[in-house]
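Working notes, beginning with the structure itself.
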Amino acid sequence: MRSDVSGLRVSGLCYQVGGRTLLDQVELAVAPGESVAVTGPSGSGKSTLLMCILGLIKPQKGTITAGGREITGLGSAQLAQARRDSLGMVFQFGELLPELTPVENVALPVLLGGGSHQDACLRAENLLGELGVPVGSTPTGLLSGGERQRTAVARALITEPAVLLADEPTGALDPEAKEGVARLLFTAARDRGCALLLVTHDPSVAGQADRRHELQGGILSEAGAL
Ligand SMILES: Nc1ncnc2c1ncn2[C@@H]1O[C@H](COP(=O)(O)OP(=O)(O)OP(=O)(O)O)[C@@H](O)[C@H]1O
Ligand SMILES: [Mg+2]
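With the sequence shown counted from 1, adding 1109 to any position gets you the numbering used here.
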């Protein structure tokens, strides 16, 4: 299911762990095609916020709606389905399968969603071509860091998610590759109408987002221009 009616909405989100409040009444809305960067000190809960949106951590309070569908409160099977339908995720180190080719890595989410092998590979090839990743038989593990992250972006986008999440997507890249991957993420999300929520420590990456927020002491607040 793909809903264009809304991107991402987080409302009254609270999460405490180990006696600390990481998320305290967090409110956030990201419209389709819009990008929001979240910065904040190490350990402030930025990855935790993304894990809540992915449904991998259960918040104590609050609601999360992605692509017009509320995901909080879903059982594990429905949650897995909602994640496949509405969410794409890019991790710092790509989290790709290194022995597979880029096409195979990008085709996987389509195959897991029940698509045919031929359709999945064709779509993966087209998307990788659009995103400038060489399509060949080279295992993904042998590609450059930038090419691997472009592959990770393609894998996140192949299912046409309403919401694209990225946790330090350029954190492991050299400056040139960082620029290319950041530009790709922002452009691809805007062109495809994805709501992009991106966590970064890098001010030059955060500065490319439409809006910036800072998470500190459990409070997510609007941050000023860089
Ligand atoms: N189960 C747990 N028990 C106790 N503390 C936990 C638990 N899970 C996470 N934490 C703590 O919550 C804090 C938030 O972690 P998180 O990974 O969300 O931070 P972050 O903002 O993404 O940091 P970084 O910028 O370094 O990636 C950390 O201090 C972590 O140790
Ligand atoms: Mg983190």
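All C-beta atoms in this analysis are idealised placements derived from N, C-alpha and C, irrespective of residue type, glycine included. Note that the structure is predicted; figures quoted are calculated from it, not measured.
As assigned by DSSP and simplified to three states, the class of residue i
| i | result |
| --- | --- |
| arginine 1129 | strand |
| threonine 1309 | coil |
| threonine 1174 | strand |
| alanine 1229 | helix |
| glutamine 1201 | coil |
| glutamate 1331 | strand |
| valine 1215 | helix |
| glutamine 1134 | strand |
| glutamine 1169 | coil |
| leucine 1221 | helix |
| serine 1156 | helix |
| serine 1144 | strand |
| leucine 1237 | helix |
| serine 1120 | strand |
| serine 1112 | Confidence is the limiting factor: at serine 1112 the pLDDT is only 40, short of 50, which leaves the residue's position unreliable, though a coordinate-based value still follows. Looking at serine 1112 - three-state DSSP - the assignment turns out to be coil, as it is neither helix nor strand. |
| serine 1151 | coil |
| aspartate 1319 | coil |
| leucine 1183 | coil |
| leucine 1324 | strand |
| leucine 1196 | strand |
Check: residue i C-beta below 6 Å from any heavy atom of ligand 2
| i | result |
| --- | --- |
| lysine 1155 | yes |
Residue i CB to nearest heavy atom of ligand 1 below 6 Å
| i | result |
| --- | --- |
| glycine 1127 | yes |
| serine 1330 | no |
| glycine 1164 | no |
| serine 1120 | no |
| glycine 1327 | no |
| glycine 1171 | no |
| serine 1151 | yes |
For residue j and residue i, believed in contact at Cβ under 8 Å, the rounded distance
| i | j | result |
| --- | --- | --- |
| leucine 1163 | leucine 1196 | 6 Å |
| histidine 1322 | valine 1119 | Their Cβ separation, rounded to whole angstroms, is 11 Å, which puts histidine 1322 and valine 1119 out of contact at 8 Å. |
| leucine 1240 | valine 1262 | 6 Å |
| glycine 1116 | glutamate 1143 | 7 Å |
| histidine 1226 | leucine 1217 | Actually they are not in contact, since the Cβ atoms of histidine 1226 and leucine 1217 sit about 11 Å apart, beyond 8 Å. |
| phenylalanine 1200 | aspartate 1276 | 6 Å |
| valine 1215 | arginine 1292 | The Cβ separation is near 19 Å, so there is no contact. |
| leucine 1209 | threonine 1249 | 6 Å |
Beta carbon proximity, residue i to chain D, threshold 7 Å
| i | result |
| --- | --- |
| glutamate 1143 | Considering every chain present, this structure includes no chain D. It has just one protein chain. |
In the segment 1249–1316, which residue ranges form an unbroken beta strand (DSSP E) of at least 3 residues, counting only runs that do not cross its ends?
For the segment 1249–1316, whole beta strand (DSSP E) runs of length 3 or above, ordered along the chain, are 1272–1276, 1304–1308.
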